[in-house]
Amino acid sequence: MKKYKKLYQTYLHYLLVKRRLSEDEYRVLTSLTEREVKIWFTPRRSDISNAASILGNIVMYQTLKYYASDRSWLLSKKSLEQRLYLWSNTLGIGLDSNRTRSICLEQLGLMLLAEHNPRHAIIWSMRLGVSLPDSALVVRFPARLGGLISQVTKGANINLNVG
Numbered sequence: 001m002k003k004y005k006k007l008y009q010t011y012l013h014y015l016l017v018k019r020r021l022s023e024d025e026y027r028v029l030t031s032l033t034e035r036e037v038k039i040w041f042t043p044r045r046s047d048i049s050n051a052a053s054i055l056g057n058i059v060m061y062q063t064l065k066y067y068a069s070d071r072s073w074l075l076s077k078k079s080l081e082q083r084l085y086l087w088s089n090t091l092g093i094g095l096d097s098n099r100t101r102s103i104c105l106e107q108l109g110l111m112l113l114a115e116h117n118p119r120h121a122i123i124w125s126m127r128l129g130v131s132l133p134d135s136a137l138v139v140r141f142p143a144r145l146g147g148l149i150s151q152v153t154k155g156a157n158i159n160l161n162v163g
């Protein structure tokens, strides 16, 4: 049995036996295709955490850039590579700045991922052991979001184009 498939079976068994799943989590977890299992269970947890944190930094940068009265957004810009903050500028991300202070970076990143692919965000939130908050995120140009997520996952050594 392939390593990713064994990991999926382990998660499936553990979550169904030991944890209460929401209806969405149960539906997604039990209806994954072979391709989705391969793509979403192959990356290491540390790589997933890294990608989610980078996506969270992008949301934080955009939120602070548009809503902060001071220059705190410059500090968050330093945590991103140039290509990532330039990509993020094309999305038109909006979120209440008061809400971002109570949510960790991984959750912000998963909220952004959920705008692109909710099933993917649900699986990664279960793998990271964090809850996926209800999204108050607005992306004005969602068609560009796929390009940004591709850039982030490529930088985090995650291949989402497994065939």
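Residue numbers for the sequence shown follow the numbering used here, beginning at 1 and rising by one. Just so you know, even glycine gets a beta-carbon here, dropped at the ideal spot from N, CA and C.
So, at 6 Å on beta carbons, what are the nonlocal neighbours of residue i in its own chain, with the 5 sequence-adjacent residues on each side left out?
i	result
Trp173	This structure does not reach residue 173, given that the chain is present from 1 up to 163, and the question cannot be answered.
Arg119	Val28
Val212	Nothing about residue 212 can be read from this structure; the chain reaches only from 1 to 163.
Taking the straight line between their C-alpha atoms, what separation do you get for residue i and residue j?
i	j	result
Gly163	Arg71	Residue confidence is low: Gly163 scores 49 on pLDDT, short of 50, so the model does not pin down where it sits. Its coordinate-derived value is still stated next. Straight-line Cα distance between these residues: approximately 44 Å.
Leu12	Pro142	31 Å
Leu7	Ala156	20 Å
Ser53	Ile103	12 Å
Tyr4	Thr33	13 Å
Leu145	Gln151	10 Å
Leu105	Ser22	22 Å
Thr90	Val17	43 Å
Glu81	Glu36	28 Å
So, using beta-carbon positions, are residue i and residue j closer together than 8 Å?
i	j	result
Arg140	Gly109	no
Ile149	His116	yes
Lys77	Tyr67	no
Use the C-beta contact count for residue i: other C-beta atoms within 10 angstroms, 16 or more gives buried, fewer gives exposed.
i	result
Met1	exposed
Asn161	exposed
Leu86	exposed
Gly147	exposed
Thr63	buried
Thr10	exposed
Ser31	exposed
Mind checking if residue i is an interface residue toward chain C, Cβ cutoff 8 Å exclusive?
i	result
Tyr11	Protein chain content of the structure displayed is limited to a single chain, and chain C is not contained in it.
Between residue i and the rest of its own chain, which residues show a CB-CB distance below 8 Å, the 5 nearest in sequence each way excluded?
i	result
Leu132	Gln107, Leu110, Met111, Ala114, Ala121, Ile122 and Ser125
Leaving aside the five residues before and after residue i along the sequence, list all residues of the same chain whose C-beta is less than 7 Å from its C-beta, in chain order.
i	result
Ser79	Asn57
Practice problem: Could you say if the segment 120-136 and the segment 44-55 meet the contact criterion of at least three C-beta pairs nearer than 8 Å? | Solution: The segment 120-136, when compared against the segment 44-55, does touch it at the 8 Å Cβ threshold.
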